[in-house]
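Enquirer: Dropping a structure here in C-alpha cells format, bear with me for questions.
Number of protein chains: 2
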Amino acid sequence: MSNELAVVLASGGMDSCTATAWAAGRYRLAMLHVNYGQRTEAKELECFKKLVAYFDAEKMLVVDARHLAAIGGSSLTDPSMPVPPDETPGQIPSTYVPFRNANLLAIATSWAETIGATRLVIGAVEQDAPGYPDCRPAFYEAANRLIELGTKPETHIVIETPLIALKKVDVIRLGLELKAPYELTWSCYQGQAVPCLNCASCRRRAEAFAEAGVADPLMAGR
Amino acid sequence: MSNELAVVLASGGMDSCTATAWAAGRYRLAMLHVNYGQRTEAKELECFKKLVAYFDAEKMLVVDARHLAAIGGSSLTDPSMPVPPDETPGQIPSTYVPFRNANLLAIATSWAETIGATRLVIGAVEQDAPGYPDCRPAFYEAANRLIELGTKPETHIVIETPLIALKKVDVIRLGLELKAPYELTWSCYQGQAVPCLNCASCRRRAEAFAEAGVADPLMAGR
Numbered sequence: 017m018s019n020e021l022a023v024v025l026a027s028g029g030m031d032s033c034t035a036t037a038w039a040a041g042r043y044r045l046a047m048l049h050v051n052y053g054q055r056t057e058a059k060e061l062e063c064f065k066k067l068v069a070y071f072d073a074e075k076m077l078v079v080d081a082r083h084l085a086a087i088g089g090s091s092l093t094d095p096s097m098p099v100p101p102d103e104t105p106g107q108i109p110s111t112y113v114p115f116r117n118a119n120l121l122a123i124a125t126s127w128a129e130t131i132g133a134t135r136l137v138i139g140a141v142e143q144d145a146p147g148y149p150d151c152r153p154a155f156y157e158a159a160n161r162l163i164e165l166g167t168k169p170e171t172h173i174v175i176e177t178p179l180i181a182l183k184k185v186d187v188i189r190l191g192l193e194l195k196a197p198y199e200l201t202w203s204c205y206q207g208q209a210v211p212c213l214n215c216a217s218c219r220r221r222a223e224a225f226a227e228a229g230v231a232d233p234l235m236a237g238r
Numbered sequence: 017m018s019n020e021l022a023v024v025l026a027s028g029g030m031d032s033c034t035a036t037a038w039a040a041g042r043y044r045l046a047m048l049h050v051n052y053g054q055r056t057e058a059k060e061l062e063c064f065k066k067l068v069a070y071f072d073a074e075k076m077l078v079v080d081a082r083h084l085a086a087i088g089g090s091s092l093t094d095p096s097m098p099v100p101p102d103e104t105p106g107q108i109p110s111t112y113v114p115f116r117n118a119n120l121l122a123i124a125t126s127w128a129e130t131i132g133a134t135r136l137v138i139g140a141v142e143q144d145a146p147g148y149p150d151c152r153p154a155f156y157e158a159a160n161r162l163i164e165l166g167t168k169p170e171t172h173i174v175i176e177t178p179l180i181a182l183k184k185v186d187v188i189r190l191g192l193e194l195k196a197p198y199e200l201t202w203s204c205y206q207g208q209a210v211p212c213l214n215c216a217s218c219r220r221r222a223e224a225f226a227e228a229g230v231a232d233p234l235m236a237g238r
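In order, the protein sequence lines correspond to chains A and B.
No gaps in the numbering here: position 172 of the first sequence is 188 in my numbering, and each next residue is one more.
No gaps in the numbering here: position 118 of the second sequence is 134 in my numbering, and each next residue is one more.
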C-alpha cells in the first residue's frame, strides 16, 4: 500500500467497481463520477455513492458534463436513438459517445492536479468495447503524454488501466478475488429499476458471469 | 477557401478573435465557447455572441463546464484567490486553470466529430502565456495524436494553432490585416464593465497595442 492518492473514474458499473477494488489495495482513493447525460445516470449515481461508502474513499466528486449529451451523436445519451440489442462486428456501436473517455480523463486530470493525486485509474476494457477507439492501450499512452506535457512541471500523473487487456470473465474473476461488491453495480444501458437483460451490456454481463461459473449477485432473487 | 468545417474555440478575447478571423478566410465556421466559471464569463459570453454574429458562423455552441471552477486551483475561477497584477518569470501564474486547454480540446473534439468538422482552431499563444504548460506546440502535437487515436477510424480532425509562435504585437498586426473586430473583444481578468488596466492580461494588451502603434478600439473615448 503506497501513500499515493489516486483519482478513480467510477461509473457505477462492474468494470469501474473492479478497478476501484484494485486501486483500493494500492492507493488512497479519490473517486470521481461524471454525469454526461447517459440514459441510466440516476441509477449509476446511486451505485457510485454506495461504492464510495463501501470503499470509504477519502475524497469524492460528481461532475456534470451533460454537454456531451447536448452535443449528441450517441444512442447512450440521445433518447431518440434506439439502443440496439446487437453490435455489428467491426463497426463502432451507436452507444459510442464521441471522444467521451478523453473528456473524462481531462476532468480527472484537472481534479488530480488540484488535489495532488499522482495516479488516475480507469476501468477501460479493450475487448469489452469492440470498436470503441478510446478503450485501446495506445489511446492511454497518448493521454499519458498529453498529461505530462499539459500540467505543471512538478505534476506527475500516470494513468493506470488495470483491466485493459482482460476478457470480461477475467474481470469478474479478478473482482471476486478482490471482493468487489458487484451487488452495488449497474451495467444495463436501458433500465433504471431492473436490468433489461437485452442490451449489449446486459448480455455481456450475463455471459461473463455464466462463463465464470458464478451467479450475478444483482440477479439474486430474480 | 476550402469547404471544410472548422470548430473554433472562442473565448471572446483578442487571441481567439484573431484565430477566428484567420479561420474565417479558410473554412466554414462552427464557433464554440466554454463557460468554465471564469470571473469575467458574462462579459466574455457577450463578446462571443457578437463575434458569432460578426463572422456569421454556420454553427455555434456554448458549453457549461463549470466543474473546472468547482475543482478550483486557479485565481481565474476562484473568487477567494486574488488575481496578481504581476507574473513571476519562470513560475506558473495563479491564473493557470489545471489542464484547462485539454478539457476545451476534448469538448471541441466531441463536437467536431459529431458535426463532421475536420479542423479545430485554437488561438493559443506560447509567448503570451509564459508558464502555461498547455500553450506549447508539443502539447498540441500530443493532443493531435490523442484525437487521431480516440475518435472513429473515419474521423480525421487536425488542431491548428495559427498564433502559437507569434508575439502579442504580431497577433495584433495579423488581426489588423485580417480586419479582426477587436472592439468586440474582452481581455481583462477582473472587470465586467470596464477593463481594470491593472491585471497581467490588461497590461499585455496595452503594451502590445502601443508596440503596434495603433489605438485599442476598446479604449476609444476613454
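All residues carry an ideal CB built from backbone N, CA and C; glycine is no exception.
For A/Val-113, which three-state DSSP category applies?
Expert: Note: A/Val-113 maps to coil in three-state DSSP.
Enquirer: Just to confirm before moving on: does the CB-CB distance between B/Pro-149 and A/Leu-165 stay below 8 Å?
Expert: Going by C-beta atoms, B/Pro-149 is nearer than 8 Å to A/Leu-165.
Enquirer: Go to A/His-49, then tell me how far its beta strand (DSSP E) extends in each direction, as first and last residue.
Expert: Run containing A/His-49: 44-51, per the beta strand (DSSP E) assignment.
Enquirer: According to DSSP, which residues form a beta bridge with B/Met-76?
Expert: BP columns for B/Met-76 point to B/Met-47.
Enquirer: Less than 6 Å between C-beta atoms, sequence neighbours within five positions excluded: which residues of the same chain meet that for A/Arg-44?
Expert: Closer than 6 Å at the Cβ level, and outside the excluded window around A/Arg-44, lie Leu-21 and Glu-74.
Enquirer: As a quick exercise: from B/Ala-81, B/Ala-85, B/Gly-88 and B/Ala-86, pick the residue whose alpha carbon is nearest that of A/Ala-85.
Expert: Here the closest residue by C-alpha is B/Ala-81.
Enquirer: Please list, in chain order, all residues of the same chain as B/Gln-143 whose beta carbon is under 6 Å from its beta carbon, the five residues on each side excluded.
Expert: Around B/Gln-143: Lys-183.
Enquirer: Is there a Cβ from chain A that is less than 8 Å from the Cβ of B/Pro-149?
Expert: Cβ-Cβ to chain A under 8 Å: yes for B/Pro-149.
Enquirer: Going by DSSP in three states, B/Ala-209 sits in which element: helix, strand or coil?
Expert: Here B/Ala-209 sits in coil by DSSP.
Enquirer: Given that B/Thr-125 touches chain A, what residues does it touch there, using C-beta distances under 9 Å?
Expert: Correct list: Pro-114, Phe-115, Ala-118 and Asn-119.
Enquirer: Does DSSP put A/Glu-223 in a helix, in a strand, or in coil?
Expert: It is helical.
Enquirer: Which whole-angstrom value describes the C-beta separation of B/Ala-118 and B/Ile-180, a residue pair presumed to lie in contact below a C-beta threshold of 8 Å?
Expert: Actually they are not in contact, since the Cβ atoms of B/Ala-118 and B/Ile-180 sit about 16 Å apart, beyond 8 Å.
Enquirer: Flag A/Lys-168 as yes if its beta-carbon sits less than 8 Å from any beta-carbon of chain B, otherwise no.
Expert: It does; some Cβ of chain B falls within 8 Å.
Enquirer: Assuming the contact rule is C-beta atoms closer than 8 Å, B/Pro-178 and B/Ala-35 should be a hit. Round their C-beta distance to whole Å, please.
Expert: Correct: roughly 6 Å between the Cβ atoms.
Enquirer: Enumerate, from N- to C-terminal direction, the unbroken beta strand (DSSP E) stretches of 3 or more residues contained entirely within the region 118-184 of chain A.
Expert: 135-137 and 174-176, all fully within the region 118-184 of chain A.
Enquirer: Determine the extent of the beta strand (DSSP E) in which B/Met-25 is found, giving its start and end residues.
Expert: At residue 25 of chain B the sequence reads Leu, which differs from the Met that was named. Unbroken beta strand (DSSP E) run through B/Leu-25: 21-25.
Enquirer: Pairing CB atoms from the region 24-40 of chain A with CB atoms from the region 185-201 of chain A, are three or more of them under 8 Å?
Expert: Taking 8 Å as the limit for Cβ pairs, the verdict is that the region 185-201 of chain A does touch the region 24-40 of chain A.
Enquirer: Report yes or no: is there a C-beta of chain A within less than 8 Å of the C-beta of B/Leu-165?
Expert: Chain A, which has a Cβ nearer than 8 Å to the Cβ of B/Leu-165, makes this yes.
Enquirer: Do A/Val-174 and A/Asp-31 have their C-beta atoms closer together than 8 Å?
Expert: No, these two residues do not count as a Cβ contact at 8 Å.
Enquirer: Output yes if chain A places a C-beta closer than 8 Å to the C-beta of B/Val-79; else output no.
Expert: Chain A contact via Cβ: present.
Enquirer: So which of B/His-49, B/Tyr-52, B/Lys-168 and B/Gly-88 has the shortest CA-CA distance to A/Ile-131?
Expert: Comparing Cα positions, the closest option is B/Gly-88.
Enquirer: From B/His-83 to A/Asn-19, what distance separates their C-alpha atoms?
Expert: Approximately 27 Å, taken between the alpha carbons.
Enquirer: Show which residues of chain B have a CB atom less than 7 Å away from the CB atom of A/Ala-159.
Expert: Those are Leu-162, listed as they occur along chain B.
Enquirer: Less than 8 Å between the CB atoms is what I'm expecting for A/Phe-64 and A/Ala-26, so what's the real figure, rounded?
Expert: Sure, about 6 Å apart at Cβ, within 8 Å.
Enquirer: Kindly indicate which residue of A/Cys-33, A/Val-24, A/Glu-129 and A/Leu-61 has the alpha-carbon position closest to the one of B/Tyr-112.
Expert: Looking at the Cα atoms, A/Glu-129 is the closest of the given residues.
Enquirer: Assign A/Pro-262 to one of three DSSP states: helix, strand, or coil.
Expert: Since the first and last residues shown for chain A are 17 and 238, residue 262 of chain A lies out of range.
Enquirer: Checking 8 Å against the spacing of the C-beta atoms, do A/Arg-42 and A/Tyr-205 come in under that value?
Expert: For A/Arg-42 and A/Tyr-205, no; Cβs fall outside 8 Å.
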